[in-house]
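Counting from 0, one number per residue, gives the positions in the sequence shown under numbering that gives the first Met the number 0.
Every residue, glycine too, gets a C-beta built ideally from N, C-alpha and C.
Treat the numbers as computed from the prediction; the structure is a model and nothing was measured.
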Amino acid sequence: MSQPLHKLALEDGRYSPEAYRFLFEALETVVRELGRESEEGVARHVSGQELLGGLKRRAGRQFGPLAAQVWRSWGVRESLDWGRIVFLLVDKQMLRRQDDDSLEDFREDFDFDRYFVDGYELQLPPEIAPPALSGDE
């Protein structure tokens, strides 16, 4: 993690440095998923909802049903916390925003436990996954 980012996280004190690192990793993943990695400026922009979706997907893949607890251990208790981190980074000129971007873009009725725990589906690696059943069995 970059020193300025780590320092900002510690100075702000609301969220652990790991949350900031995770956000940047998820942002890069979303940019790539949307096919915007070769774009610059406005064309590379990711909306709050796109980023929030990427944060959820990455957390689910990386932490599985423990994702909600991991996020809470970082100080992230609701979807708006991700927006607060983004706008703190914007204020410190570590991220850029569009004129119509808003903290409200991150407001979502999102129950971490329901999404990550109740919605968790175990996915085994192909080498140990059971063979698919045919309709004849």
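| Query | Result |
| --- | --- |
| At the level of alpha carbons, what is the spacing between P124 and D108? | 32 Å |
| With a 10 Å radius around its C-beta and 16 neighbouring C-beta atoms as the bar for buried, classify I127 as buried or exposed. | exposed |
| Measure the CB-CB distance between V30 and E36 and report whether it falls below 7 Å. | yes |
| Assign Y19 to buried or exposed, taking buried as 16 or more other Cβ atoms, counted over all protein chains shown, within 10 Å of its Cβ. | buried |
| Quick check on DSSP: helix, strand or coil for Y114? | helix |
| Mind reading off the beta-carbon distance from T28 to G53? Whole number of angstroms is fine, and I expect it under 8 Å. | 6 Å |
| I'd like to know whether the C-beta atoms of A42 and F115 end up nearer to each other than 7 Å. | no |
| What is the DSSP secondary structure of H44, reduced to helix, strand or coil? | coil |
| Tell me, please, whether the CB atom of Q61 is closer than 7 Å to any CB atom in chain D? | Considering every chain present, this structure includes no chain D. It has just one protein chain. |
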